[in-house]
Amino acid sequence: MNSKELWLATGMLAALAVFPGVDSVRGQERARSNGDSPSPIEYGFKRPSLPLLRRGALKDVGSVSAALVEKLCPAPCRHPAADTPGNMIEVATESWSLQVLGDGSAVRFRDVEVSKRAHRLAKSYSDRASAAALESEGRKFIEARLASVIILGPGEELVPVRTEYRIEGGHNLKTHETVRSVTASHIVFGRTIRGTPVVGGGSTIVLTFANDGSVESFQYDWPKYEEAMSTPRDVVGGQEILRRVEKVISMRVGIPSGNLTERKSRGEGAATAIELSKNMTLQKLECGYYDPGYVARVPEAAVQAGCVYHAVSRGEHGIRAGFAGAVPGAVQIEADAGWPEAGALRRVGSGLEQIVPQSSRPD
Amino acid sequence: MTRTLSIFGPLKRWLFPMVVFVVGALVLFVEPVGSHIFPHTPLHVGVRCQNDFQNNWADTIDTYGMCTDFIDTIRGSEWVDFYFNLHGASVAFANGNAAETCNPCGGADSVDFFLMNSHGGVSENDSAYAMWDFQSLAWSSAMRFGATGQQLKVFATYVCDTMQTSDGHFWDRMGPAFRGGVKILLGAHDLVYDGNRQKGTEFASRMQDGEPIGQAWNEAVWYADNNNHPSAAATGVDANDCWNRLGMNLESVQTTPPLRDRQMGYVCWVGWNGD
Chain X
716 MNSKELWLAT GMLAALAVFP GVDSVRGQER ARSNGDSPSP IEYGFKRPSL
766 PLLRRGALKD VGSVSAALVE KLCPAPCRHP AADTPGNMIE VATESWSLQV
816 LGDGSAVRFR DVEVSKRAHR LAKSYSDRAS AAALESEGRK FIEARLASVI
866 ILGPGEELVP VRTEYRIEGG HNLKTHETVR SVTASHIVFG RTIRGTPVVG
916 GGSTIVLTFA NDGSVESFQY DWPKYEEAMS TPRDVVGGQE ILRRVEKVIS
966 MRVGIPSGNL TERKSRGEGA ATAIELSKNM TLQKLECGYY DPGYVARVPE
1016 AAVQAGCVYH AVSRGEHGIR AGFAGAVPGA VQIEADAGWP EAGALRRVGS
1066 GLEQIVPQSS RPD
Chain A
12 MTRTLSIFGP LKRWLFPMVV FVVGALVLFV EPVGSHIFPH TPLHVGVRCQ
62 NDFQNNWADT IDTYGMCTDF IDTIRGSEWV DFYFNLHGAS VAFANGNAAE
112 TCNPCGGADS VDFFLMNSHG GVSENDSAYA MWDFQSLAWS SAMRFGATGQ
162 QLKVFATYVC DTMQTSDGHF WDRMGPAFRG GVKILLGAHD LVYDGNRQKG
212 TEFASRMQDG EPIGQAWNEA VWYADNNNHP SAAATGVDAN DCWNRLGMNL
262 ESVQTTPPLR DRQMGYVCWV GWNGD
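Chains as they are written, first to last, in my numbering: chain X, 716 to 1078; chain A, 12 to 286.
Structure (structure tokens):
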């Protein structure tokens, strides 16, 4: 074990001692989760340093569109109509539509016919497709239809991230009978690069299956990554990550971070949630390469280490609000105009400032 | 010759401004429908969002990003009547209050489609929406949408919990709002998280593509953050009618007749991440 690994291990052990709710077995990387159980707080990095990555498209938008249409609508395909509204190519027939966005790394597909019949195929929750079955069907679909656009680079793996279910419910106002059923299932795949996951929404493939096994829709964000520079960047330890989360949340809510110092394990909902303050609970923290995906990111920014946080504030009368964002995970934070927390933490030291979204305020 | 010129001279002077006016009117006042947008009659849309709250009575969140992106997209096909904050706004949701149907006041029943982004919560018989004013909440028990004014058709709220169904009290909380005839409620049955402003764009563009409004909401909100818990609800005379009505899009939500009070026999909902 070299000095950096020793330092990291010591830091993690110290963090685990401070935050006893964090499960040491699950404490370092994003793990598989599903809709059945809350995900644990997971923080930290497997490696003491990570390279900066440059994100690019695997193919140009026209090639992606042509490759997908060939697989989704093999000959004789009924004359799909192509259009270019805004920053995308849209190909559609009466029964399905395909949108390839921007540089070709983001795609949405929807089969209207499958969507229409999904309600009639409703199943009870206990009969829903299992996570294992969804993963298996998902991998088959990707291999059969998306292999030309979902390409893994050296050291990369396609990993299942979560499953979710679309629940329908109904209540008869006369008899007061209530029914519930499952009408579709999501399987979400992500990517790891030499064991480190990509977090933040980029590098995900979401497949939606109706209960007859048909694909109702899929949506993916799947770029290629190249190392932007040869020298890896050191990443920070678990305590520093939590300190950064605390800092950006204090900036966001406009409260000095000194008031957000009491951290306690909290057994409410997710067994491993961490109490950041009296009314604020950190529910989830996932670390890896931070990439929010084509739609949300600034194209020229490098992909750097980061941790996605989900926190909840509880106020008067039980009202709640969810906070989501990401903090940089490297010691040296790179500039990223599309990442407000990165900008704010780079400016720390110049005094507390509130993070204000770049958007117009209402009258 | 001179006489002819004297007749057409004034006309020529008027002709150019008149052409400019007519063309301008066509561009500005005829239906704001883009080329790729499915054909429908434009709706009147109102948006009210709030980041910060008086004396920090509720934590500051990022709502304006989503609201701005929603407006920037939806104005390509609908009339955006107002974009207001939630200062003194509880009256805009209160049945019988003059502000409810007042468009310059940001009243919910003064538009066809209303979007709000704020904090939210529930009690056994009420859903609560945070206003800017200190500890001010708009309560669902005081709502009755769709009966007066412009007759609200869609009430969309990016707030936590207000469409909770898991405890069996959904109708106790949202029944009063539905009884006025509002056709679709959009919201969350548990937590939704701020940030990821692109959900505003995606929600609007999916509706403009002709997708069912409820589906557009559930998909846009879930894809923006897989930890979100979006939900959509409608009513019907019976179960079949309810499920059909939950499939309404921007056109059919205007042509489908409202159901009020005892006309409703069923309420149905759909959402991701449990219920």
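The C-beta atom is built at its ideal place from N, Cα and C for all residues, glycine as well.
Q: Keeping to the same chain, check which residues put their C-beta closer than 8 Å to that of D826/X; ignore five residues upstream and five downstream.
A: Only residues of its own chain outside the window of five on either side were considered, and among them S810, W811, S929, V930, E931 and S932 have a CB closer than 8 Å to the CB of D826/X, listed in chain order.
Q: Would you kindly work out how many angstroms separate the C-alpha atoms of E802/X and Q274/A, rounded to a whole number?
A: Checking the sequence shown, residue 802/X turns out to be Asn, not Glu. Computed Cα separation, rounded: 45 Å.
**Q.** For F1038/X, the first and last residue of its enclosing beta strand (DSSP E)
**A.** R1035 to P1043
Q) For I956/X versus G1044/X, is the C-beta distance shorter than 9 Å? A) yes
Q.
Between the alpha carbons of M259/A and Y1009/X, how many angstroms are there, rounded?
A. 30 Å
Q. Where S147/A and E230/A are concerned, what is the direct C-alpha to C-alpha distance, given to the nearest angstrom?
A. 31 Å
Q.
If you reduce the DSSP assignment to three classes, tell me which class P912/X lands in.
A. strand
Q) alpha helix (DSSP H) containing L922/X: first to last residue? A) Where L922/X is concerned, there is no enclosing alpha helix (DSSP H), although the beta strand (DSSP E) it sits in stretches over T919 to A925.
(Q) Does any residue of chain X have a CB that is nearer than 9 Å to the CB of S121/A? (A) no
Q) How would you list, in chain order, the residues of chain A whose beta-carbon sits under 7 Å from the beta-carbon of R967/X? A) T71
Q. Mind checking if T898/X is an interface residue toward chain A, Cβ cutoff 9 Å exclusive?
A. yes
Q: Rank D286/A, D92/A, D178/A and P269/A by C-alpha distance to the C-alpha of G157/A and give the top, closest one.
A: P269/A
Q: Verify the CB distance criterion: does W304/A have a CB-CB separation below 9 Å to chain X?
A: Because chain A in this structure spans residues 12 to 286, residue 304/A falls outside the shown range and cannot be described.
(Q) Can you give me the C-alpha to C-alpha distance between R770/X and T946/X, rounded to a whole angstrom? (A) If you take the alpha carbons of R770/X and T946/X, they lie about 17 Å apart.
Q. Whose C-alpha, out of H1032/X, I1034/X, R1035/X and Q1019/X, is nearest the C-alpha of P766/X?
A. Q1019/X
(Q) Within a Cβ cutoff of 6 Å, which residues of the same chain sit near F1038/X, ignoring the five residues on either side of it in sequence? (A) The beta carbon of F1038/X sits closer than 6 Å to the beta carbons of A1026 from its chain, once the five residues preceding and following it are set aside; these are given in chain order.
Q) DSSP beta-bridge partners for G179/A? A) DSSP, once it has assigned bridges, lists no residue as partnering G179/A.
(Q) Excluding the 5 residues flanking S863/X on each side, which residues of the same chain have their C-beta closer than 6 Å to its C-beta? (A) A782
**Q.** Neighbour flag for L196/A against chain X, beta carbons, 9 Å
**A.** no
Q: Could you check what DSSP says for S1075/X in three-state terms: helix, strand or coil?
A: coil
(Q) Counting only C-beta atoms, is A105/A closer than 9 Å to chain X at any point? (A) no
Q. For the beta strand (DSSP E) that N62/A lies in, which residues bound it at each end?
A. Segment: none, N62/A is in no beta strand (DSSP E) and carries neither H nor E.
Q) Where do the ends of the beta strand (DSSP E) carrying L816/X lie? A) W811 to L816
Q. Does the beta-carbon distance from L196/A to F166/A come in below 9 Å?
A. yes
Q. A227/A by DSSP, collapsed to three states: which one?
A. helix
Q) Closer than 7 Å, Cβ to any Cβ of chain A: which residues of the stretch 879 to 913 of chain X, in chain order? A) Within the stretch 879 to 913 of chain X, contact with chain A at the beta-carbon level (separation under 7 Å) is assigned to E879, R881, I882, E883, G884, G885, H886, N887, L888, K889, T893, R895 and V903.
(Q) For the pair the stretch 187 to 196 of chain A and the stretch 874 to 883 of chain X, tell me if three or more CB-CB distances fall below 8 Å. (A) no
Q | Proximity of I1034/X and C60/A at Cβ, strictly below 9 Å | A | no
Q | D1078/X burial status per 10 Å Cβ neighbour count (16 or more: buried) | A | exposed
Q. Using a C-beta to C-beta distance shorter than 8 Å, which residues of chain A count as neighbours of R1076/X?
A. Listed by position along chain A, the residues whose Cβ is nearer than 8 Å to that of R1076/X are N62, Y75 and N96.
Q. Does the stretch 77 to 94 of chain A come within contact of the stretch 130 to 139 of chain A, defined as at least 3 CB pairs closer than 8 Å?
A. no
(Q) Using C-beta distances below 7 Å, list every residue in its chain close to N62/A, excluding the 5 sequence neighbours before and after it, in chain order. (A) T71, I72, D73, T74 and Y75
Q) Using a beta-carbon distance below 9 Å, is G777/X in contact with chain A? A) no
Q | Distance between D1051/X and A250/A (C-alpha atoms, nearest Å) | A | Each residue's Cα considered, the two are about 50 Å apart.
(Q) Buried or exposed, going by whether 16 or more other CB atoms sit within 10 Å of the CB of D272/A? (A) exposed
Q) If contact means a Cβ-Cβ distance below 7 Å, which residues of the stretch 1023 to 1039 of chain X contact chain A? A) Hits within the stretch, in order: H1025, V1027, S1028, G1030, E1031, H1032, G1033, I1034, R1035, A1036, G1037, F1038 and A1039.
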